[in-house]
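Student: In this note's numbering, the protein residues as written are 195 to 307.
Backbone N, C-alpha and C fix where the C-beta goes; we use that ideal spot for every residue, glycine too.
Treat the numbers as computed from the prediction; the structure is a model and nothing was measured.
Let me give you the structure first, and then I'll get to my questions.
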Amino acid sequence: MKEFLMLFRSEEKENQEMSPEEMQAMVKTWEDWIGGIAAQGKFVSTNALEFAGKVVHADKTVTDGPYTELKEIVGGYILVKADDIDDAVKLSEGCPIFASGGKVEVRGIMLFS
C-alpha cells in the first residue's frame, strides 16, 4: 500500500460562529468519518491547521498568509494508506467537508530512499 495525503479545502465563511452543541456535532461527524477509515486499517494520521500563518518567499521576505488574497482555506489533512489513487479517492467519500461545500485534494506521497 502507498500513502496519500488528503487536504481539506473550504471557502472562508465570514462571521461563522458555532454554538458548543454545533461544534460538538461537527467534531463527531469528523471522528466518525476518520474512524471508518481507521476501521479499514487505512488511517495513518491527521491534524487540523491553524488559520494564521506566514509565507516565506524565495527572496527571503516573509508575509502574512498563507491566503491573504484568496478566500479558500486549507483547514487540515489526513494521511491514509491505499492501493492506488482511485482507492484513496474512494476513502474521501462521506468526508464532512463536503457538507459545507468544501473539497478534498488527494495527492500521493513520494518516498525518497
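Quick test of your reading: residue 269 and residue 213, contact by CB under 8 Å. State the CB separation rounded to the nearest angstrom.
Tutor: Translated into positions along the sequence shown, residue 269 becomes position 75. Translated into positions along the sequence shown, residue 213 becomes position 19. That pair is no contact at about 19 Å.
Student: Alpha carbon to alpha carbon, what distance is there between residue 284 and residue 246?
Tutor: By one-based count along the sequence shown, residue 246 stands at place 52. By one-based count along the sequence shown, residue 284 stands at place 90. When only Cα atoms are considered, residue 246 and residue 284 end up about 31 Å apart.
Student: Going by DSSP, what residue range makes up the alpha helix (DSSP H) through residue 228?
Tutor: Here residue 228 corresponds to residue number 34 of the sequence shown, with the count starting at 1. Its alpha helix (DSSP H) spans residues 214-233.
Student: With H, G and I counted as helix, E and B as strand and the rest as coil, what does DSSP make of residue 236?
Tutor: Within the sequence shown, residue 236 is the residue found at index 42, counting from 1. Residue 236 falls in the coil class under three-state DSSP.
Student: Return the first residue and the last residue of the beta strand (DSSP E) that residue 272 is part of.
Tutor: Taking the first residue of the sequence shown as 1, we reach residue 272 at position 78. Here the beta strand (DSSP E) through residue 272 covers 266-276.
Student: Pull up the distance between the alpha-carbon of residue 275 and that of residue 196, whole angstroms please.
Tutor: The residue labelled residue 275 in the question sits at position 81 within the sequence shown. The residue labelled residue 196 in the question sits at position 2 within the sequence shown. Those two C-alpha atoms are separated by around 5 Å.
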